[in-house]
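In this note's numbering, the protein residues as written are 1224 to 1449. Glycine included, each C-beta is placed from N, C-alpha and C at the ideal position. Quick notes on the structure that follows.
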């Protein structure tokens, strides 16, 4: 009986000690114990390049990492292309068949004047910019996923298509002529910069395209189109 009481007291003291320890930590840092555990799990997920179903491991390589790498090379950016300025080998890649598409009737069946002309499945307008709108199989690349596509640039998944299943992408171009002259159909390795969470709005897309450290590449794109 004495042993049981001793064991009970020790167990109670241990529980009280741990409770006081976590309470003190939370009071000092403002971080709850469950947040610490979540942070640790997310870090494990990122290190293994996983997107876990039902868990918030959204980024494989986050935008801040990319911006930091580009910012560190700022002195030589004007002499390099986007492909040359980033070590893309650090990002997970996937081989896909990519085709080009437009907002017109030849790709979407919609003509100018249609209420949904130029509007993607996500609700944002089609855009060819530093970060362009692209279509993908949403079971593989959810809305908001950012990919880097060599010879095209950044693509943000904003749309889907009946023929876009599996390892296929549709890359937006303003005109049919642009599609034929600049892309057509290619098998290409794309790099996964960030997985989306299923949402995308105009403000997010605009913010990506207005990122200060990326404007030299945006200007390169504009110059190539003029």
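When DSSP reads this structure, residue 1356 sits in a beta bridge with 1379. By the Cβ criterion, the region 1327 to 1341 is not in contact with the region 1417 to 1429, since fewer than three pairs of Cβ atoms, one from each stretch, lie closer than 8 Å. For residue 1394, the secondary structure class from DSSP, reduced to helix, strand or coil, is strand. The region 1341 to 1357 and the region 1425 to 1437 touch, with no fewer than 3 CB-CB distances between them shorter than 8 Å.
Distances from the CA of residue 1404 to each of 1371, 1322, 1439 and 1316 were compared; the closest alpha carbon is that of 1322. Look at residue 1317 here: in three-state DSSP terms it is strand. Within the same chain, and ignoring the five residues on either side of residue 1408 in sequence, the residues whose Cβ sits closer than 6 Å to its Cβ are 1322. Setting aside the 5 residues that flank it on each side, residue 1350 is surrounded in the same chain by 1356, each with a C-beta closer than 6 Å to its C-beta; the list follows chain order. In this model, residue 1383 and residue 1325 are separated by some 13 Å (Cα to Cα). Apart from the 5 residues on each side of it in sequence, residue 1402 sits with its Cβ closer than 6 Å to the Cβ of 1323 and 1396 in its chain, given in chain order. The beta-bridge partner set that DSSP reports for residue 1416 is empty.
Residue range 1369 to 1372 is occupied by the beta strand (DSSP E) that includes residue 1371, with no alpha helix (DSSP H) assigned at that position. Between the alpha carbons of residue 1443 and residue 1362 lies a gap of roughly 33 Å. In the DSSP assignment, residue 1431 falls within the alpha helix (DSSP H) that extends over 1425 to 1432. DSSP, reduced to helix, strand and coil, places residue 1399 within a helical segment of the structure shown.
In the three-state scheme derived from DSSP, where H, G and I count as helix and E and B as strand, residue 1349 is classed as coil. When the five nearest sequence neighbours on each side are left out, the beta carbons in the same chain lying within less than 8 Å of the beta carbon of residue 1289 are those of 1309 and 1416, in order along the chain.
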